[in-house]
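One structure is given here, and the rest of the page talks about it.
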């Protein structure tokens with residue numbers, strides 16, 4: 001039922017109700033910081049013996065070349081520490097990673113960090129601005145791509161007999177609507193004698209009311225979900241497995257122009273197996289119009305849809321392989337009514353079909369792969385076909401490849417050797433007109449016979465109205481290294497690190 005009022009609805013999270021980052025979760029986040037800092041103190045300043053310890057530490061001086069009109073000098077000191085060992089005689093494996101920053105004219109700030117304790121069959125992780133694992137259930141209820149920058153959390157994993165459990169709390173998750181805290185409970189029961197396993201997942205998140213005060217008038221928005229799910233998996237034969245998942249969802253979506261109380265249910269059945277050297281799999285699913293997930297990804301089922309996904313892979317572990325994936329998805333009749341009441345982007349009623357094929361071949365001197373992807377919406381012809389190719393001349397360490405069309409960006413690339421220690425990389429987007437060139441000194445990581453304590457990279461890329469430059473030189477020593485860097489690394493990506501303020505960094509690190 002769609003309404004335009006702003007009547008308050010009880011939090012969909014049941015017995016747990018969280019507020020946004022500016023609310024009561026601030027003391028909780030502060031508690032995570034305190035635990036991390038106390039851990040460092042306990043490990044390095046307590047009067048205990050530390051055995052089997054190893055790790056690294058790094059100090060970085062960073063200077064951002066801000067505009068002369070800005071008061072901030074842009075000078076920062078960053079310290080990173082990575083340590084693992086067993087403090088004292090506790091026989092308690094501990095891992096610690098922490099990084100903090102001190103900028104001129106500002107207080108110390110925690111950049112990121114995590115503390116991992118592994119007592120017996122358990123693992124406790126306390127973290128800040130570090131990622132988390134996806135649930136990897138058939139419906140993909142929680143995806144790691146929903147990580148929110150600067151989020152803190154707690155995670156507990158453990159097992160008792162045949163029961164394996166995981167608990168995760170985050171002070172913020174990147175929802176499809178307003179962001180907010182999240183709680184996940186994931187428990188599995190493995191019935192080995194009956195060739196079956198069972199799993200229960202509980203997921204809850206609530207952004208609470210977020211007020212917006214534009215000149216046109218104040219309004220409030222909110223995103224809340226509560227999901228209960230059961231998964232069962234059975235091995236019918238040595239080469240065949242079936243599984244089924246059911247999920248019930250309740251929640252609320254409140255936007256400026258509409259509001260919807262959600263009541264959703266979804267079911268998915270999956271089968272997979274092998275015939276000789278050919279693997280096969282098939283999924284069938286159906287969701288009602290109220291099953292709007294806010295923490296899934298592109299592989300999660302959409303609301304009000306039913307469909308089938310199937311695939312074959314032949315010769316997967318041999319020198320030649322072929323794979324085909326087929327998906328057909330269409331709306332259920334009830335979604336047509338929702339589409340009349342909701343905005344067009346909320347309820348998509350067109351059928352959708354996709355086909356992807358790939359072929360791989362490997363010889364003693366050459367390996368290559370070819371891929372083709374087609375997609376249809378409704379009764380229209382295939383839209384924007386995707387073509388992917390890549391060839392590797394192994395003896396010459398030469399690679400040429402690219403991709404054109406599809407929903408992602410187009411790109412043509414090549415990697416080639418210039419010297420036993422130096423390689424080149426060229427990338428070009430023929431649609432946007434962007435291009436990237438890079439030189440890399442491999443040094444100790446060289447795959448050739450020669451070695452060098454020097455490593456480095458120089459990158460220059462350009463798009464309309466903007467250029468990007470990155471230069472890094474690093475010298476490795478027996479128990480440490482030093483580096484001088486200009487710019488911020490784009491990690492080899494053509495679409496990353498644009499619009500970055502120029503910066504100079506000096507790093508000194510040591511292993512112990």
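Numbering (the numbering used here), first residue to last: 1 to 512.
For each residue, glycine too, the CB sits at the ideal point set by N, CA and C.
Values in this document were obtained by computation on a predicted structure and should not be read as measured data.
Close-in-space but distant-in-sequence residues of the same chain around residue 100 (CB under 7 Å, 5 per side omitted): Counting from one through the chain shown, the residue named residue 100 turns up at place 100. These residues qualify, in order along the chain: 79, 108, 109, 110, 111.
Please confirm whether residue 192 and residue 503 have their CB atoms less than 8 Å apart. As a first step, residue 192 must be located in the chain shown, where it is residue number 192. As a first step, residue 503 must be located in the chain shown, where it is residue number 503. For residue 192 and residue 503, no; Cβs fall outside 8 Å.
Please classify residue 265: is it buried, with 16 or more other beta-carbons within 10 angstroms of its beta-carbon, or exposed? The residue given as residue 265 occupies position 265 in the chain shown. Counting the other CB atoms within 10 Å of its CB gives residue 265 a total below 16, which places it among the exposed residues.
Taking one C-beta from the region 306 to 317 and one from the region 213 to 228 each time, how about it: are there three or more such pairs within less than 8 Å? Two segments are said to touch when three or more pairs of C-beta atoms, one from each, lie closer than 8 Å; by this definition the region 306 to 317 does not touch the region 213 to 228.
Contact the region 229 to 239 vs the region 254 to 261: 3+ CB pairs below 8 Å: Using a C-beta cut-off of 8 Å, the region 229 to 239 makes no contact with the region 254 to 261, since fewer than three inter-stretch Cβ pairs fall below that distance.
Between 488, 457, 114, 229, which lies nearest to residue 142 when the distance is taken from Cα to Cα? If you number the chain shown from 1, residue 142 lands on position 142. Nearest to residue 142 by alpha-carbon distance, out of 488, 457, 114, 229, is 229.
What three-state label does DSSP hand residue 462 in the structure shown? The sequence position of residue 462 within the chain shown is 462, counting from 1. Residue 462: strand per DSSP, three-state reduction.
Unbroken beta strand (DSSP E) run spanning residue 505, endpoints: Here residue 505 refers to the residue found at position 505 of the chain shown. Per DSSP, residue 505 belongs to the beta strand (DSSP E) from 503 to 511.
Helix, strand or coil at residue 383 [DSSP, three-state]: What you label residue 383 is simply residue 383 of the chain shown in a count that begins at 1. Of the three classes helix, strand and coil, the one that applies to residue 383 here is coil, per DSSP.
What residues in its chain sit with their C-beta under 7 Å from that of residue 384, if we drop five residues either side in the sequence? Here residue 384 is taken as the residue at index 384 of the chain shown, counted from 1. The answer, listed in chain order, is 405, 406.
Between the alpha carbons of residue 294 and residue 177, how many angstroms are there, rounded? Taking the first residue of the chain shown as 1, we reach residue 294 at position 294. Taking the first residue of the chain shown as 1, we reach residue 177 at position 177. Distance between residue 294 and residue 177, taken at the CA atoms: about 7 Å.
Looking only at DSSP bridge pairs, what is residue 417 linked to? One-based indexing of the chain shown puts residue 417 at position 417. As a beta-bridge residue in DSSP terms, residue 417 pairs with 423.
Could you compute how far the alpha carbon of residue 165 sits from the alpha carbon of residue 214? Here the question's residue 165 lines up with position 165 in the chain shown. Here the question's residue 214 lines up with position 214 in the chain shown. C-alpha separation (whole angstroms): 45 Å.
Given a cut-off of 8 Å on the beta-carbon distance, is the pair residue 403 and residue 410 in contact? In the chain shown, the residue the question calls residue 403 occupies position 403. In the chain shown, the residue the question calls residue 410 occupies position 410. Judged by their CB atoms, residue 403 and residue 410 are nearer to each other than the 8 Å cut-off.
Am I right that residue 97 and residue 76 are in contact with their C-beta atoms under 8 Å? What's the rounded C-beta distance? Here the question's residue 97 lines up with position 97 in the chain shown. Here the question's residue 76 lines up with position 76 in the chain shown. The beta-carbon distance between residue 97 and residue 76, rounded to whole angstroms, is 19 Å. This is too long to meet the 8 Å contact definition.
Can you tell me where the beta strand (DSSP E) with residue 220 in it begins and where it stops? Taking the chain shown and counting its residues from 1, the one referred to as residue 220 is at position 220. Unbroken beta strand (DSSP E) run through residue 220: 219 to 237.
Three-way DSSP call (helix, strand, coil) for residue 255 in this model: Translated into positions along the chain shown, residue 255 becomes position 255. Judged by DSSP in its simplified three-state form, residue 255 adopts coil rather than helix or strand.
Exposed or buried, what is residue 151 when buried is set at 16 or more other beta-carbons lying within 10 Å of its beta-carbon? Translated into the one-based positions of the chain shown, residue 151 becomes position 151. Label assigned to residue 151: buried.
Go ahead and pull the three-state DSSP assignment for residue 167. Here the question's residue 167 lines up with position 167 in the chain shown. Strand, per DSSP.
Rounded to the nearest angstrom, how far is the Cβ of residue 454 from that of residue 443, given a contact under 8 Å? Here the question's residue 454 lines up with position 454 in the chain shown. Here the question's residue 443 lines up with position 443 in the chain shown. In this structure residue 454 is in contact with residue 443, their Cβ atoms being roughly 5 Å apart against a cut-off of 8 Å.
Quick one: measure Cβ to Cβ for residue 365 and residue 395, integer angstroms, because I've assumed they're closer than 8 Å. Sequence index remark: in the chain shown, residue 365 carries index 365 (1-based). Sequence index remark: in the chain shown, residue 395 carries index 395 (1-based). Contact flag correct, Cβ pair sits at about 5 Å.
Those residues which DSSP pairs with residue 89 across a bridge: Here residue 89 refers to the residue found at position 89 of the chain shown. DSSP output for residue 89 lists no bridge partner at all.
Counting pairs of Cβ atoms below 8 Å between the region 235 to 247 and the region 262 to 276, do you hit three or more? Three or more pairs of CB atoms, one per stretch, sit closer than 8 Å, so the region 235 to 247 contacts the region 262 to 276.
With H, G and I counted as helix, E and B as strand and the rest as coil, what does DSSP make of residue 133? Numbered from its first residue, the chain shown carries residue 133 at position 133. In the structure shown, residue 133 sits in coil (DSSP, three-state: anything other than H, G, I, E or B).
For the beta strand (DSSP E) holding residue 98, just list the boundary residues, first then last. As a first step, residue 98 is located in the chain shown; it is residue number 98 there, counting from the start. Boundaries of the beta strand (DSSP E) around residue 98: 94 to 103.
Which residue marks the beginning of the beta strand (DSSP E) containing residue 112, and which one marks its end? For the purposes of this step, residue 112 is taken as residue 112 along the chain shown, with counting starting at 1. Per DSSP, residue 112 belongs to the beta strand (DSSP E) from 108 to 117.
Short Cβ contact (8 Å threshold) for residue 201 with residue 137: The residue given as residue 201 occupies position 201 in the chain shown. The residue given as residue 137 occupies position 137 in the chain shown. Yes, they are a contact pair.
For residue 480 and residue 57, the rounded distance between their alpha carbons: Along the chain shown, one-based indexing puts residue 57 at 57. Along the chain shown, one-based indexing puts residue 480 at 480. In this model, residue 57 and residue 480 are separated by some 9 Å (Cα to Cα).
With burial defined as no fewer than 16 other Cβ atoms inside 10 Å of the residue's Cβ, what is the status of residue 128: buried or exposed? Within the chain shown, numbered from 1, the residue matching residue 128 stands at position 128. Residue 128 comes out buried.
Whose CA, out of 416, 421, 106, lies closest to the CA of residue 441? By one-based count along the chain shown, residue 441 stands at place 441. Taking only the C-alpha atoms, the option nearest residue 441 is 421.
Write down the C-beta distance between residue 95 and residue 61 rounded to the nearest angstrom, noting that I regard them as a contact closer than 8 Å. Looking up residue 95 in the chain shown gives position 95. Looking up residue 61 in the chain shown gives position 61. The Cβ separation is near 27 Å, so there is no contact.
Please classify residue 140: does DSSP put it in a helix, a strand, or coil? Mapped onto the chain shown, residue 140 falls at position 140. Coil.
Three-state class that DSSP yields for residue 296 in the structure shown: Along the chain shown, read from residue 1 onward, the residue named residue 296 stands at position 296. Residue 296 falls in the coil class under three-state DSSP.
Would you kindly work out how many angstroms separate the C-alpha atoms of residue 49 and residue 118, rounded to a whole number? For the purposes of this step, residue 49 is identified with residue 49 of the chain shown, where counting begins at 1. For the purposes of this step, residue 118 is identified with residue 118 of the chain shown, where counting begins at 1. Summary for residue 49: the model assigns pLDDT 48, below 50, so the residue's position carries little reliability, and this model does not support an answer.
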